[in-house]
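**Q**
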Amino acid sequence: MKRQLHLNLFINSRGHHEASWRHPKSSPLALSDVRYFQELARKAEAGHFDSIFLADQLALPDDVASAPRTWLEPITALGALAVSTSHIGLIATASTTYTEPFNLARQFASLDHISGGRIGWNIVTSWMAAAARNFGGAGQVTHADRYARGEEFMQVVRGLWDSWADDAVLDDRASGKYARATAIRPINHKGENYEVAGPLNVPRSPQGRPVLVQAGSSDTGRSFAARHAEAVFTAHMEKTTAQEFYGDLKARVVATGRRADQALILPGLSPMIASTEAEAQRLERELNELSDPEVGRKRLSARFGGHDFSHLPLDKPLRIEDFPKSDAHEAARSRTEVIIGLVRREQPTLRQLLARLAGARGHFTFAGTPEQVADLMIDWFENGAADGFNLMPPILPWMLDVFIAEVVPILQKRGLFRTAYEGTTLRAHYGLDRPSVDPR
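The sequence shown begins at 0 in numbering that gives the first Met the number 0 and counts up by one.
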């Protein structure tokens, strides 16, 4: 069978451009109105996307006066989306830093049952200092400690999801036997961070366990992804870095004993699409003009662990020395390395950098025709940069509608994207194996 391209819709605010909420073609619905997410999920399902994704933050950003976010708690929101769609996969972020593994395991197992096997978990080791203040105020967890805790967290949740055998539930009314007790076992985990007896109080879910998704691209994050991730959301501003990441991560996956096709790599892509390239670029400029550089400056500061950029003029070329070293803060290093790489290559002014980041926060942005967007995607897909894309429309639902109507048919005509769903689970859409229960 010919290799197929995978598409995930990343739903964020009224679009991924930070000024999207001001654009007249963005949705009029409130960002706390579940109908907004239901409508987008149904559109993506009609376009035969593999999945949709809801990110999360555990603190209120300080730019809230002029920069709205996706407000609904994502695990709760997936429950509403699970019963208002029938095929598309549903992925939500949850933190290993500020969540107990037993609670998370039962929430995602329950959602997998509710959805009929369409759930994925985006594993995040939370880094925001503001989040730390909302969970005990003990201070920001270091990069190394976040991942050490995350490793143990994964051991616990996997054990809990595997604590029921596939055939544990008999539900035999005639014999009075509901379940085989010998097929349900405790995990009795005692570690440095967690002590969990188990078993889980939810039977094994339709997929065995939710699809595991991860987005860290630092060296530690790549090693974590190689061991655990079945899909990887990643950010690149150029094809060459995407190819380097793709080759490196696939090699790491194979080194752990897994098949390379069991870890899909989906770079972020935020396309502005119009009938001509000139018109697409005009629309991009129009949207950039709605953004506030000071909002961008605050977001840049948050990306670098609160580093103060207020002294930098907007129109002077940036230098590497204007940024803190990656080991000087505990923020998400994968994204800061993307920004540093851009500064090293192009020496943009602060205004130019903020405009680039306004579009999709360090993901690949592109303005062009439907054919140009499809050609770009196919180029990355066929030349070792991507297994598909984490689609991040700059304006929602407008640019999603355009993408489905005009780009998807090109991909389908070239035999690279499905014309109908062939399976019912997210694992089926992604071509992933169903995990077996660890006999230990």
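No residue lacks a Cβ here, since even glycine has one placed at the ideal position from N, Cα and C.
For clarity, every value in this text was computed on a predicted model and none was experimentally measured.
Kindly provide the ranges of any beta strand (DSSP E) runs that are 3 or more residues long and lie completely inside the stretch 382-422, ordered along the chain.
**A** Entirely contained in the stretch 382-422, the beta strand (DSSP E) runs reaching 3 residues are, in chain order, 387-390.
**Q** If I measure Cβ to Cβ from residue 84 and keep anything under 6 Å in the same chain, skipping five residues before and after, which residues do I get?
**A** In the sequence shown, residue 84 corresponds to position 85, counting from 1. Correct list, in chain order: 40, 44.
**Q** If we count the other Cβ atoms within 10 Å of its Cβ and call it buried at 16 or more, is residue 189 buried or exposed?
**A** Locating residue 189 in the sequence shown gives position 190, counting from the first residue. Exposed is the call here.
**Q** Please state the DSSP three-state secondary structure of residue 97.
**A** The residue you call residue 97 lines up with position 98 of the sequence shown. In the structure shown, residue 97 sits in coil (DSSP, three-state: anything other than H, G, I, E or B).
**Q** For residue 26, which of 59, 6, 61, 67 has the nearest alpha-carbon?
**A** Translated into the one-based positions of the sequence shown, residue 26 becomes position 27. Selected option, being the one with the closest Cα: 67.
**Q** Checking 7 Å against the spacing of the C-beta atoms, do residue 384 and residue 245 come in under that value?
**A** Within the sequence shown, numbered from 1, the residue matching residue 384 stands at position 385. Within the sequence shown, numbered from 1, the residue matching residue 245 stands at position 246. Result yes, Cβ atoms of residue 384 and residue 245 sit closer than 7 Å.
**Q** Any idea if residue 426 is buried or exposed, counting beta-carbon neighbours within 10 angstroms, 16 or more meaning buried?
**A** In the sequence shown, the residue the question calls residue 426 occupies position 427. Residue 426 should be labelled buried.
**Q** Which first and last residues belong to the alpha helix (DSSP H) in which residue 428 is found?
**A** If you number the sequence shown from 1, residue 428 lands on position 429. 425-429 is the extent of the alpha helix (DSSP H) around residue 428.
**Q** Should residue 346 go down as buried or exposed, given a rule of 16 or more other Cβ atoms within 10 Å for buried?
**A** Within the sequence shown, numbered from 1, the residue matching residue 346 stands at position 347. That one is exposed.
**Q** Where residue 390 and residue 9 are concerned, what is the direct C-alpha to C-alpha distance, given to the nearest angstrom?
**A** Walking along the sequence shown from the start, residue 390 turns up at place 391. Walking along the sequence shown from the start, residue 9 turns up at place 10. One C-alpha to the other measures close to 6 Å.
**Q** Can you pull the DSSP bridge partners for residue 6?
**A** Your numbering for residue 6 matches position 7 in the sequence shown. DSSP lists 388 as partners of residue 6.
**Q** What do you get for residue 435, buried or exposed, if any count of 16 or more other CB atoms within 10 angstroms of its CB means buried?
**A** Translated into the one-based positions of the sequence shown, residue 435 becomes position 436. Residue 435 should be labelled exposed.
**Q** Among the candidates 199, 248, 32, 236, whose CA atom is the shortest distance from the CA of residue 218?
**A** Working through the sequence shown from its first residue, we reach residue 218 at position 219. Nearest option by C-alpha distance: 248.
**Q** Classify residue 127: buried if its beta carbon has 16 or more other beta carbons within 10 angstroms, exposed otherwise.
**A** Looking up residue 127 in the sequence shown gives position 128. Per the 10 Å Cβ criterion, buried.
**Q** Determine the direct distance from the alpha carbon of residue 304 to that of residue 328, and round the result to whole angstroms.
**A** As a working mapping, residue 328 is identified with position 329 in the sequence shown. As a working mapping, residue 304 is identified with position 305 in the sequence shown. Residue placement at residue 328 is poorly supported in this model, since its pLDDT is 49, which falls under 50; the coordinates still yield a value, given next. Going from the Cα of residue 328 to the Cα of residue 304 covers about 5 Å.
**Q** Look up residue 91 in the DSSP assignment and give the residues it is bridged to.
**A** Taking the first residue of the sequence shown as 1, we reach residue 91 at position 92. Answer by DSSP bridge pairing, in chain order: 53, 120.
**Q** Output yes or no for whether 7 Å exceeds the beta carbon distance between residue 366 and residue 283.
**A** For the purposes of this step, residue 366 is taken as residue 367 along the sequence shown, with counting starting at 1. For the purposes of this step, residue 283 is taken as residue 284 along the sequence shown, with counting starting at 1. Cβ distance < 7 Å, so residue 366 and residue 283 count as in contact.
**Q** Going by DSSP, what residues sit across from residue 188 in a beta bridge?
**A** In the sequence shown, the residue the question calls residue 188 occupies position 189. Bridge partners of residue 188: 195.
**Q** Three or more beta-carbon pairs under 8 Å between the stretch 45-54 and the stretch 93-106, yes or no?
**A** Because the criterion of three Cβ pairs below 8 Å is not met, the stretch 45-54 and the stretch 93-106 do not touch.
**Q** Starting from residue 270, trace the beta strand (DSSP E) in both directions and tell me its first and last residue.
**A** The sequence position of residue 270 within the sequence shown is 271, counting from 1. That run of the beta strand (DSSP E) goes 263-272.
**Q** Could you give the distance in angstroms between the alpha-carbon of residue 393 and the alpha-carbon of residue 22?
**A** Taking the sequence shown and counting its residues from 1, the one referred to as residue 393 is at position 394. Taking the sequence shown and counting its residues from 1, the one referred to as residue 22 is at position 23. One C-alpha to the other measures close to 10 Å.
**Q** To the nearest angstrom, how far is it from the Cα of residue 243 to the Cα of residue 37?
**A** For the purposes of this step, residue 243 is taken as the residue at position 244 of the sequence shown. For the purposes of this step, residue 37 is taken as the residue at position 38 of the sequence shown. Rounded to the nearest angstrom, the two C-alpha atoms are 36 Å apart.
**Q** Sort out for me which residues DSSP pairs residue 211 with in a bridge.
**A** By 1-based counting over the sequence shown, the position of residue 211 is 212. The partner list for residue 211 (beta bridge, DSSP) reads 120.
**Q** By the DSSP assignment, the beta strand (DSSP E) with residue 233 in it spans what residues?
**A** Within the sequence shown, the letter at position 234 stands for residue 233. Note, residue 233: beta strand (DSSP E), 230-233.
**Q** Taking all protein chains shown into account, do 16 or more other C-beta atoms lie within 10 angstroms of the C-beta of residue 171, making it buried, or fewer, making it exposed?
**A** For the purposes of this step, residue 171 is identified with residue 172 of the sequence shown, where counting begins at 1. Exposed.
**Q** Evaluate contact between the stretch 211-229 and the stretch 99-116, counting only Cβ atoms and requiring at least three cross-stretch pairs below 8 Å.
**A** With a cut-off of 8 Å, the stretch 99-116 and the stretch 211-229 do not count as touching, because too few Cβ pairs lie within range.
**Q** Should the stretch 143-161 be regarded as contacting the stretch 176-196, the criterion being three or more beta carbon pairs within less than 8 Å?
**A** Counting Cβ pairs under 8 Å, three or more are found: they touch.
**Q** Smallest Cα separation from residue 117: which of 125, 123, 124, 107?
**A** Within the sequence shown, the letter at position 118 stands for residue 117. That would be 107, whose Cα lies nearest to the Cα of residue 117.
**Q** To which residues does DSSP link residue 435 through a beta bridge?
**A** Taking the first residue of the sequence shown as 1, we reach residue 435 at position 436. None; residue 435 has no bridge partner.
**Q** Can you tell me whether residue 5 is buried or exposed, with buried defined as 16 or more other CB within 10 angstroms of its CB?
**A** One-based indexing of the sequence shown puts residue 5 at position 6. By the 10 Å Cβ count, residue 5 comes out buried.
**Q** What are the start and end residues of the alpha helix (DSSP H) that includes residue 169?
**A** What you label residue 169 is simply residue 170 of the sequence shown in a count that begins at 1. Taken as a continuous stretch (DSSP letters only), residue 169 belongs to no alpha helix (DSSP H), being part of the beta strand (DSSP E) at 168-171.
**Q** Give, in chain order, every unbroken run of the alpha helix (DSSP H) that is at least 4 residues long and sits entirely within the stretch 285-340.
**A** The stretch 285-340 contains these whole alpha helix (DSSP H) runs: 292-302.
**Q** According to DSSP, is residue 143 part of a helix, a strand, or is it coil?
**A** For this step, residue 143 is matched to residue 144 along the sequence shown. Of the three classes helix, strand and coil, the one that applies to residue 143 here is helix, per DSSP.
**Q** With distances taken Cα to Cα, identify the nearest neighbour of residue 109 among 125, 123, 86, 75.
**A** Residue 109 sits at position 110 when you count from the first residue of the sequence shown. Of the candidates 125, 123, 86, 75, the one whose C-alpha sits nearest the C-alpha of residue 109 is 75.
**Q** Is any beta-carbon of chain B found at less than 7 Å from that of residue 124?
**A** Although the question refers to chain B, the structure presented lacks it and comprises just one protein chain.
**Q** Kindly indicate the opening and closing residues of the alpha helix (DSSP H) around residue 176.
**A** The count along the sequence shown starts at 1 and reaches residue 176 at position 177. Here residue 176 belongs to no alpha helix (DSSP H); instead the beta strand (DSSP E) covers 176-178.
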